[in-house]
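For reference, the structure is listed below as structure tokens.
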Amino acid sequence: QQQVKQSPQSLIVQKGGISIINCAYENTAFDYFPWYQQFPGKGPALLIAIRPDVSEKKEGRFTISFNKSAKQFSLHIMDSQPGDSATYFCAASRASGTYKYIFGTGTRLKVLA
Amino acid sequence: DAMVIQNPRYQVTQFGKPVTLSCSQTLNHNVMYWYQQKSSQAPKLLFHYYDKDFNNEADTPDNFQSRRPNTSFCFLDIRSPGLGDAAMYLCATQGPQETQYFGPGTRLLVL
Numbered sequence: 001q002q003q004v005k006q007s008p009q010s011l012i013v014q015k016g017g018i019s020i021i022n023c024a025y026e027n028t029a030f031d032y033f034p035w036y037q038q039f040p041g042k043g044p045a046l047l048i049a050i051r052p053d054v055s056e057k058k059e060g061r062f063t064i065s066f067n068k069s070a071k072q073f074s075l076h077i078m079d080s081q082p083g084d085s086a087t088y089f090c091a092a093s094r095a096s097g098t099y100k101y102i103f104g105t106g107t108r109l110k111v112l113a
Numbered sequence: 114d115a116m117v118i119q120n121p122r123y124q125v126t127q128f129g130k131p132v133t134l135s136c137s138q139t140l141n142h143n144v145m146y147w148y149q150q151k152s153s154q155a156p157k158l159l160f161h162y163y164d165k166d167f168n169n170e171a172d173t174p175d176n177f178q179s180r181r182p183n184t185s186f187c188f189l190d191i192r193s194p195g196l197g198d199a200a201m202y203l204c205a206t207q208g209p210q211e212t213q214y215f216g217p218g219t220r221l222l223v224l
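In structure tokens form, the structure reads like this:
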């Protein structure tokens, strides 16, 4: 019940294309779903996050789509650029005194120039 | 400006020789986290602090300890590092709402 399943494990996209990464969760108590971007040798950095009361959130080229009934959420990167090449982690947490994250397994994205 | 600072960025130690990693945060938040991240894996939570309250994850080895002398600082002590403890160690704190902010990490190499 605590797992967050992420797919695909790796993704290769042409420059200008759309990158799509999917996550699925089981615990309906989760109510916060962030996406993190991590470059090699760096710490994860928050990219965008969503709560279950909205179905979509967009920030620049990055969009989260959220399907509460299916317990799935996805990250879309529009007009993908070589600089987007990184590992992406989805996560889920629920409101409490400490918001412990359950991370997905990560997706390694490579955008070809 | 960096919100979470970790030192050193790279640490080399010998098998069995105790090592301490440090973390500081500028958000003055009462929650701090330590994660272990091995190559090509997701960060794995080792423990977290809520104020002075220390919360160990069930599967965190006894070899890993932590200290939090004040709100800003937190230390990770590895009492007897083994080869399997070579990893990136990430410190994080809580930002607005549920957001966690991560430091740049300390890469630990065990010889």
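Chain order of the listed sequences is V and X.
1 is the number of the first residue of the first sequence in my numbering; add one for each residue after it.
114 is the number of the first residue of the second sequence in my numbering; add one for each residue after it.
Glycine residues also receive a C-beta, built at the ideal position from the N, C-alpha and C atoms.
Fair warning: this is a prediction, and the values are worked out from it, not measured in the lab.
Environment of L158 of chain X [buried if 16+ CB atoms lie within 10 Å]: Buried, because 16 or more other Cβ atoms sit within 10 Å of the Cβ of L158 of chain X.
Cα-Cα separation between F103 of chain V and E211 of chain X, rounded to whole angstroms: 14 Å
Practice prompt. Return helix, strand or coil for L196 of chain X, following the three-state DSSP convention.
Written response: helix
- Would a check of beta-carbon distances place F73 of chain V closer than 9 Å to chain X? no
Notebook entry, point to check: Along chain X, in chain order, which residues have C-beta atoms closer than 9 Å to that of S93 of chain V?
Noted result: Chain X residues near S93 of chain V: E211 and Q213.
Review point. In terms of DSSP beta bridges, what is D79 of chain V paired with?
Key: D79 of chain V pairs with nothing; no bridge assigned.
Exercise. Does the pairing of the segment 114-124 of chain X with the segment 58-75 of chain V give three or more beta-carbon distances under 8 Å?
Worked result: The segment 114-124 of chain X vs the segment 58-75 of chain V: no contact.
Looking only at C-alpha atoms, which of X:D164, X:P174 and X:L196 sits nearest to R181 of chain X?
-> Out of X:D164, X:P174 and X:L196, X:D164 has the C-alpha closest to the C-alpha of R181 of chain X.
* Stretch-stretch touch, CB-based, cutoff 8 Å, three pairs: the segment 131-144 of chain X with the segment 37-47 of chain V -> no
**Request:** Would you list, in chain order, the members of the segment 38-56 of chain V that have their beta-carbon closer than 8 Å to a beta-carbon of chain X?
**Result:** So the list reads G41, K42, G43, P44, A45, L46 and A49, given in the order they occur along the chain.
Inspect the CB distances between the segment 64-83 of chain V and the segment 169-183 of chain X and report whether three or more fall short of 8 Å. no
| request: Using the Cα positions of Y202 of chain X and W147 of chain X, report the straight-line distance between them to the nearest angstrom. | output: Those two C-alpha atoms are separated by around 7 Å.
task = Please name the residue in X:T219, X:Y214 and X:S152 whose C-alpha comes closest to that of D190 of chain X.
result = Closest option to D190 of chain X, Cα to Cα, is X:T219.
At what residue ranges does the segment 42-69 of chain V contain a whole run of the beta strand (DSSP E), taking only runs of 3 or more?
If we require 3 residues or more, the beta strand (DSSP E) runs fully inside the segment 42-69 of chain V come out as 45-50, 56-59 and 62-67.
Query raised in the report: Beta carbon of L109 of chain V, beta carbon of S19 of chain V: below 9 Å?
Result: yes
* So, is G216 of chain X buried or exposed, given that buried needs 16 or more other C-beta atoms within 10 angstroms? -> buried
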